[in-house]
Each structure stands twice: as structure tokens, then as C-alpha cells.
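K.L.:
Number of protein chains: 2
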Amino acid sequence: MTETKPSQPPKRRIARMSDVARLAGVTTMTVSRALRTPEVVSEETRRKIDEAIQRTGFVPNYAARSLVSKRTDVIVALFPTMMNSVFSGTIEELSRRFQAKGYHLLLGETRFDIEVEESLLSSFVGWRPAAIIVTGSEHTVRSRQLLENSEATIVELWNLPKKPFDLAVGFSNRDAAYDMTKSLHDWGYRRIAFMNLHYPRNDRSVDRRAGYRDAMADLGLPIEPGMEIDVPFGMKSGQVAIERILDGTLKIDALLCSSDTLAVGTLMSALRAGLSVPGDLAIAGFGDVELASIVSPALTTVRVPRTEIGFETAKMTMDRLDGRYDGPPVVDCGYSIIRRESA
Amino acid sequence: MTETKPSQPPKRRIARMSDVARLAGVTTMTVSRALRTPEVVSEETRRKIDEAIQRTGFVPNYAARSLVSKRTDVIVALFPTMMNSVFSGTIEELSRRFQAKGYHLLLGETRFDIEVEESLLSSFVGWRPAAIIVTGSEHTVRSRQLLENSEATIVELWNLPKKPFDLAVGFSNRDAAYDMTKSLHDWGYRRIAFMNLHYPRNDRSVDRRAGYRDAMADLGLPIEPGMEIDVPFGMKSGQVAIERILDGTLKIDALLCSSDTLAVGTLMSALRAGLSVPGDLAIAGFGDVELASIVSPALTTVRVPRTEIGFETAKMTMDRLDGRYDGPPVVDCGYSIIRRESA
DNA sequence: CTGAAAGCGCTTACAG
DNA sequence: CTGAAAGCGCTTACAG
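Residue numbers (my numbering), protein chains in the order written: chain A, 1 to 343; chain B, 344 to 686.
Below, the structure written as C-alpha cells:
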């Protein structure tokens with residue numbers, strides 16, 4: 001091969017531990033110790049090794065390290081989407097906590113699809129992660145096998161499974177939707193509709209719908225045809241309800257949305273159509289993202305413990321990996337009803 | 344150790360390739376081939392191997408694979424934050440494209456801090472990633488060394504560096520801010536202020552500010568004291584400008600925000616204070632996130648090519664890794680001025 | 001406090 | 001189409 005870029009220095013190979021060892025006049029074992037248990041290495045030796053590391057720019061090869069030590073600092077985390085302040089709040093918290101302790105987050109996006117989750121799992125498992133964090137408790141058969149065989153700590157997020165796979169951190173989506181429906185009733189609303197994501201195998205959607213239905217039944221309020229509105233994820237979906245209200249096919253005085261994204265979309269769509277909120281239509285969201293308190297009228301919503309879930313998950317996972325987790329397998333981070341202006 | 348969970352089957356070790364080989368009556372070499380170049384293995388043998396893989400739940404150990412093959416499918420990507428529709432749009436596109444081709448995204452969050460970036464790089468580089476994607480062109484000295492030594496394809500995102508490290512994909516932040524300032528002038532505004540993130544070492548902030556200043560100078564408009572407002576990231580920061588307008592310390596007719604997050608925060612704060620937008624104050628954003636077209640009045644903003652950047656980056660990176668990228672080192676994805684209702 | 005030996009689980013580079 | 005040998009770059013488990 002000929003030199004095509006004379007301005008570049010000769011491309012040196014990535015330094016290995018043996019290069020550092022040779023430069024420092026020791027064996028790789030001593031370099032390895034200087035890196036992992038420096039207190040056990042003499043100061044003089046350590047100094048020489050540090051210098052050799054500086055000169056070579058050595059960074060240990062994690063593949064080799066994990067292969068022989070049979071452990072990795074890789075933690076796999078799978079979320080439906082990152083385009084959502086609710087999940088990204090949890091992701092940010094997780095990533096911050098894990099980064100601080102030297103763990104590496106391998107993030108995957110399932111797009112609300114448990115088949116995609118399976119495909120990601122089957123590949124990520126090859127890294128022999130120390131822990132695997134998944135959203136929800138609904139998984140394919142093969143996903144369950146992969147989790148089972150992986151020897152990793154498994155954490156299921158965002159709800160409270162009756163039979164957790166291993167560990168779980170979340171809150172009761174069913175109760176939260178139930179309480180918000182009941183609150184809307186307390187505030188005087190009677191014709192309460194429910195807008196939900198159309199993901200039939202998403203346990204969060206299913207639970208929230210159940211909460212809405214149970215509350216309506218307990219309150220003696222009928223769920224009339226059209227009062228359950230299934231839409232795809234996105235702010236644009238919010239306009240669906242407003243269109244139906246305007247053309248007279250939907251007669252309601254309140255709308256509970258299964259996410260703030262939908263609620264804000266609906267709210268803006270209502271204002272644009274000249275409807276007054278909550279006068280003509282009360283709107284409640286689910287999530288309490290930053291935007292919820294910023295919009296005008298400010299959004300009444302369910303505060304979801306997104307940061308707490310991230311925090312608890314990171315803590316629980318790291319404790320478990322250190323062999324000192326002694327809490328319950330399922331941690332409930334709670335939720336709360338936040339009444340603002342929109343309902 | 345005693346059996347504490349009699350209901351669980353005996354914990355089997357994670358299957359290795361040799362387990363599969365033994366079950367199928369071949370050597371590991373043949374299993375390896377069946378996995379990587381199945382067309383070269385006889386149908387009968389392949390069938391036996393597939394069955395053994397099923398039975399054992401075997402997933403190849405990537406650490407071993409990458410150690411010996413001296414290549415990985417790991418791609419490191421570092422972003423300032425994920426709590427931002429602009430970056431998460433790029434991240435989602437990247438992650439989707441890479442996932443589809445079997446690459447694994449190791450994501451890191453720098454929190455707009457190049458020291459954090461350095462710390463992440465120094466650790467992630469241990470995975471010997473095939474490519475490293477970073478946001479911006481401002482890096483610490485040690486970060487540059489790490490990138491230099493890594494042998495990875497490097498892609499810098501979100502601007503157009505004069506001297507790219509290797510490859511770059513972005514647009515001109517300076518020109519975009521310049522054009523928006525000029526547009527505001529064309530639309531009749533004269534006292535134009537600029538709200539920016541207070542990250543002095545963030546080249547995107549610096550470039551956008553330069554664009555604003557250059558345009559004001561070219562237009563012969565003075566930048567009076569207080570017309571450049573530096574704030575931390577977040578919607579809440581939007582209210583700063585409104586407070587100053589209300590208490591009379593800031594006299595302006597238009598505000599250009601360096602992100603839609605700030606612009607929406609300002610817009611909502613203005614509406615809440617009873618100001619009319621754009622009558623009392625015109626507001627322009629930067630980003631064109633989904634929310635920008637949803638809020639009322641809809642936000643005038645700079646459309647930033649977040650999806651295009653993700654798409655081009657993924658394509659360029661994978662082409663380069665396949666040894667067939669022959670495009671320019673710096674790809675300009677452009678931007679456009681979107682006039683809506685707020686200015 | 002330091003080192004020699006062995007091996008983690010794969011793939012490369014042969015050979016047949 | 002399949003296999004025997006060697007080795008990737010580290011750490012474990014000794015020994016001294």
C-alpha cells in the first residue's frame with residue numbers, strides 16, 4: 001500500500017496492554033493491576049505505567065476484558081420511542097446514573113412493537129449484558145426465552161406486573177386512569193371520552209383503558225359509541241376529537257387523553273377551532289411533561305414518575321449487580337393527579 | 344449452594360458455540376460458517392445446526408467475535424441531550440437505520456459539556472467501535488486524541504466544520520440565524536432581540552449568535568444592551584424575556600430564539616401575560632419541532648434538517664464502513680425559513 | 001509487590 | 001464442504 005496522505009503521521013496500531021507493559025518494563029499482569037487495583041501496585045511502578053499509558057493512548061479492550069472476566073458493564077435498555085418527553089425523562093435519568101458508575105447503556109427503540117423488541121433482544125443479548133431493562137411486561141415467547149437464558153438482571157418498567165419476570169419499577173396505569181376519570185366526575189363533567197393509542201398489545205394502553213372503563217362503570221356513566229378514540233402516537237392525532245366535536249358526531253364535555261402529547265395536540269386544535277377550554281371541552285392528559293405546565297390553559301394531567309422510575313431502576317439494578325439488593329421485586333413509584341386549568 | 348427455588352429448572356449455563364457444535368456433530372468452525380456464510384454449508388448440516396441452536400438458545404458472544412475478528416458492529420453516538428425533539432429526531436432516524444443493518448448504537452449524553460464528552464469517549468472507545476458520531480466540532484484535546492487513535496470512522500454532526508475531523512453532516516447554523524434575522528427585518532421588525540443558550544463552548548450557539556450579529560450589522564440595526572439574552576436550556580427559560588418586556592427594561596418588537604423550546608416557552612409566557620403575538624411581540628424559533636406547527640399562534644421558525652442529518656449520517660457511515668463512500672467529507676443538509684403566525 | 005501459565009469463545013488462515 | 005491449529009487481548013488463579 002502506498003502512502004496517499006503524506007501530511008498524516010504514520011497510522012499507528014491501537015495500543016494493547018502489552019505495548020504499555022513493554023514501555024513500562026513490566027508484564028501485562030502488572031498493568032492490569034495498575035488499572036483495576038492500583039493500591040496493590042508500588043507507586044514507582046504505577047508512575048511508569050501511567051506514563052506509558054499516556055504515551056500510547058492506551059484504552060483497554062472491553063471485548064477482551066469481558067470475555068475473560070465473564071462480566072460486562074453493558075446494560076441494555078429498550079424503550080418504545082425516544083421522541084417523547086415521558087420516556088426520555090426516564091432514559092436521561094437512567095443514562096446519567098449508569099454513566100456515573102461506569103456502566104454503558106445500549107439503547108434500543110422498539111417502536112411500540114414487541115416483535116421489534118424481540119429482534120433487538122436477540123441481537124443485544126450477544127453482548128452478555130449485566131442487566132436488561134425493558135418497557136412493559138408484554139413480550140413475545142422468544143423474548144422471554146432470551147431473557148430467561150441471559151443470566152442478566154431483568155427490570156420491567158412502567159407498570160406493576162403481578163408476576164414480574166425478575167424486578168419491576170413502575171406505577172399503576174389502571175389506577176391512575178381510574179382516578180383521573182373519577183376526578184373529572186368530581187369536577188362536574190359527565191360525558192367523558194377517552195383517547196388512547198391504538199396498540200392492542202401494549203399493556204400500558206390496555207391498563208389505562210381498563211381504568212377508564214372501570215371508573216365510568218362505578219360512576220354509572222355510560223360509554224357511548226365513539227367515546228373511545230384510538231389514534232396513532234403524535235400531536236397531530238389530537239385534532240381527531242375536535243373534528244368530531246365540530247361536526248356533531250361526538251358530544252362530550254371532557255376528554256381524557258392517555259398521553260400529554262395527545263392532550264396538547266387536542267388542546268391546541270380546540271383553541272384553533274375557537275372552542276374554549278375547559279368551558280366547551282375539558283381536557284386532561286397523562287404524563288405531566290414540561291410542556292403541560294407551560295401551555296395556556298395549563299394542562300390538567302396525571303403526573304407520572306418518569307424521573308423516579310429512572311432513578312429507582314438505576315439504583316435497584318446496580319444494587320442487585322453488587323449483590324446487595326434486598327428490596328421488593330416490584331417497586332411502585334406512584335402517580336398523582338395535577339389539576340391545572342384545562343379541566 | 345442449596346436449591347432455594349425448587350420451581351425453577353436447574354440454571355443452565357449460557358450456551359457456547361461448542362455446545363451447539365457437539366449437539367450437531369460438527370466442529371465450531373462449521374457452526375461459525377452456518378451463522379456467517381450459510382450458503383457455504385451443506386443443507387443437511389445447516390439443518391442440524393439450526394436445530395441445535397434452537398435447543399440451546401445459543402446467541403453468539405460478541406465479545407469473542409469482535410476480539411478475534413478485529414471488528415465490531417458497535418457505533419458510538421454522543422448527543423448533548425435526548426430531552427429535545429430536535430436531537431431525538433436525529434437519534435431516532437440514526438437508531439432505526441443502524442438497527443436495520445445490524446449495527447448497535449451505544450448512546451451517550453454529554454449534557455452540552457465537552458468534558459463529559461471526553462469522559463464518555465475515553466470509556467466507549469474501549470469497545471473499539473466501528474464509527475463514532477459526535478455532535479459539534481468543539482472537542483477537548485484529549486477527545487481529539489481519542490478519536491485520532493480509535494481507527495473508527497468519525498462523523499461530526501450539526502454544523503459544517505471548515506476542517507472536519509473525518510466526515511461531517513450538518514447545515515450552516517450561522518447562515519440560518521442570519522437569514523431568519525434578515526427575514527424578521529423584511530417582515531417589518533426592527534428592534535430584534537436574540538435569546539440563546541449560555542454555552543460558550545458550544546459551536547452551534549456561537550455560530551447562531553454570529554449569524555444574528557452579522558445580520559444586524561448588515562441591516563444597520565443596533566444591538567442594544569440587553570438584546571442578547573443568555574439562558575439555560577428548557578421551556579421555563581422563555582419567560583425571562585417576557586418579564587423584562589413587562590417591567591420595561593427590554594423594548595423590542597421581535598425575538599429570535601435559538602431553539603423552538605425557548606420560543607414556545609416565550610410564546611406561552613407572552614400569551615399568559617396578555618401580550619399579543621405577533622402584534623406586541625413577534626417570536627421566531629429554531630428547529631421546527633412538531634410542536635411548532637401545533638401551538639397557536641403557530642411558530643415561525645427555522646426548519647432544521649434533523650431527520651435528514653440522521654439519514655445522511657447513517658448512510659454515509661455505513662457506506663464508509665463498507666469501503667464504498669465516495670462523496671464529499673462534509674454534507675450540507677440545508678435549512679429553510681418557515682413563516683407561520685408568530686412573526 | 002510482581003510474574004508465568006492458562007484460557008475466555010470465538011474467527012482467521014490455512015489444509016484437505 | 002469440513003476441520004485442526006493458532007491466536008485475538010485481556011484476567012483468573014495460582015506461585016513466589
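Even for Gly, the Cβ is constructed at its ideal location relative to N, Cα and C.
Please read these numbers as outputs of a predicted model, since none were measured by experiment.
Quick test of your reading: residue 15 (chain A) and residue 56 (chain A), contact by CB under 8 Å. State the CB separation rounded to the nearest angstrom.
P.N.:
4 Å
K.L.:
Report the CB separation of residue 547 (chain B) from residue 479 (chain B) in whole angstroms; it is logged as a contact under 8 Å.
P.N.:
6 Å
K.L.:
Among the candidates A:341, A:333, A:236, whose CA atom is the shortest distance from the CA of residue 168 (chain A)?
P.N.:
Ranking A:341, A:333, A:236 by Cα distance to residue 168 (chain A) puts A:333 first.
K.L.:
Give me the DSSP bridge partner(s) of residue 646 (chain B).
P.N.:
B:630, B:679
K.L.:
Do three or more CB pairs link the segment 633-642 of chain B to the segment 503-520 of chain B at distances below 8 Å?
P.N.:
no
K.L.:
Provide the residue span of the alpha helix (DSSP H) that contains residue 114 (chain A), from first to last.
P.N.:
114-124
K.L.:
Checking contacts by CB at 8 Å: is residue 57 (chain A) closer than that to chain B?
P.N.:
yes
K.L.:
State buried or exposed for residue 220 (chain A), treating a residue as buried only when at least 16 other CB atoms are found within 10 Å of its CB.
P.N.:
exposed
K.L.:
According to DSSP, is residue 447 (chain B) part of a helix, a strand, or is it coil?
P.N.:
If DSSP states are grouped into helix, strand and coil, residue 447 (chain B) belongs with the strands.
K.L.:
Residue 684 (chain B) touches chain A at which residues, Cβ-Cβ below 7 Å?
P.N.:
Neighbours of residue 684 (chain B) on chain A: none; closest Cβ ~10 Å, over 7 Å.
K.L.:
Can you tell me which residues form a DSSP beta bridge with residue 573 (chain B)?
P.N.:
B:539
K.L.:
Check the Cβ of residue 445 (chain B) against every Cβ in chain A and list those closer than 8 Å, keeping chain order.
P.N.:
123
K.L.:
Is it right to say residue 85 (chain A) is buried, meaning 16 or more other beta carbons lie within 10 angstroms of its own, or is it exposed?
P.N.:
Only buried fits residue 85 (chain A), as 16 or more other CB atoms lie within 10 angstroms of its CB.
K.L.:
Would you verify that the beta carbon of residue 85 (chain A) is, or is not, closer than 8 Å to some beta carbon of chain B?
P.N.:
yes
K.L.:
Between residue 457 (chain B) and chain A, is the shortest Cβ-Cβ distance under 8 Å, so that the two count as touching?
P.N.:
no
K.L.:
Identify, in the order they occur along the chain, each residue of the same chain with its Cβ nearer than 7 Å to the Cβ of residue 13 (chain A), setting aside the five sequence neighbours on each side.
P.N.:
Here the set comprises nothing.
K.L.:
What ranges does the beta strand (DSSP E) occupy inside the segment 121-166 of chain A, keeping only unbroken runs of at least 3 residues that lie completely in it?
P.N.:
Fully enclosed beta strand (DSSP E) runs of no fewer than 3 residues occupy 131-135, 153-157 of the segment 121-166 of chain A, in order along the chain.
K.L.:
For residue 285 (chain A) and residue 262 (chain A), I'd like the C-alpha separation in whole angstroms.
P.N.:
7 Å
K.L.:
Quick one: is residue 471 (chain B) near chain A, going by C-beta distance under 8 Å?
P.N.:
Cβ-Cβ to chain A under 8 Å: yes for residue 471 (chain B).
K.L.:
Report buried or exposed for residue 74 (chain A), applying the criterion of at least 16 other Cβ atoms within 10 angstroms of its Cβ.
P.N.:
buried
K.L.:
Using a Cβ cut-off of 8 Å, pull out every chain B residue sitting near residue 89 (chain A), in sequence order please.
P.N.:
Correct list: 426.
K.L.:
I'd like the span of the alpha helix (DSSP H) that includes residue 610 (chain B), first residue to last.
P.N.:
603-615
K.L.:
Please list the segments of the beta strand (DSSP E) lying wholly inside the segment 401-452 of chain B, counting only runs of 3 or more residues, in order along the chain.
P.N.:
417-422, 447-452
K.L.:
Check the Cβ-Cβ distances between residue 638 (chain B) and every residue of chain A, and say whether any is below 8 Å.
P.N.:
yes
K.L.:
Would you please verify whether the beta carbon of residue 414 (chain B) is less than 8 Å from any beta carbon of chain A?
P.N.:
no
K.L.:
Select from the segment 223-234 of chain A all residues with a C-beta closer than 9 Å to any C-beta belonging to chain B, and list them in chain order.
P.N.:
234
K.L.:
For residue 83 (chain A), which of B:436, B:423, B:419 has the nearest alpha-carbon?
P.N.:
B:436
K.L.:
Where does residue 657 (chain B) sit, in a helix, a strand or coil, going by DSSP?
P.N.:
helix
K.L.:
Could you tell me which of A:250, A:197, A:186 sits nearest to residue 337 (chain A), measuring between CA atoms?
P.N.:
A:186
K.L.:
In angstroms with no decimal places, state the Cα-to-Cα distance between residue 264 (chain A) and residue 621 (chain B).
P.N.:
21 Å
K.L.:
With the cut-off set at 8 Å, would you say residue 363 (chain B) and residue 392 (chain B) are in Cβ contact?
P.N.:
yes
K.L.:
Straight-line CA distance for residue 458 (chain B) to residue 274 (chain A)?
P.N.:
49 Å
K.L.:
In or out: residue 408 (chain B) buried (at least 16 other Cβ within 10 Å) or exposed?
P.N.:
buried
K.L.:
Mark residue 619 (chain B) as exposed unless 16 or more other C-beta atoms lie within 10 angstroms of its C-beta, in which case mark it buried.
P.N.:
Residue 619 (chain B) should be labelled exposed.
K.L.:
For residue 502 (chain B), collect the residues of the same chain with a Cβ closer than 8 Å to its Cβ; drop the 5 residues on either side in sequence, then sort them by chain order.
P.N.:
479, 480, 511, 513, 514, 515, 516, 546, 547, 550
K.L.:
Can you list, in chain order, the residues of its chain with a C-beta nearer than 6 Å to that of residue 89 (chain A)? Leave out the 5 residues immediately preceding and following it.
P.N.:
Annotation for residue 89 (chain A): 306, 307 place their beta carbon closer than 6 Å to its own, counting only its chain and skipping 5 residues before and after.
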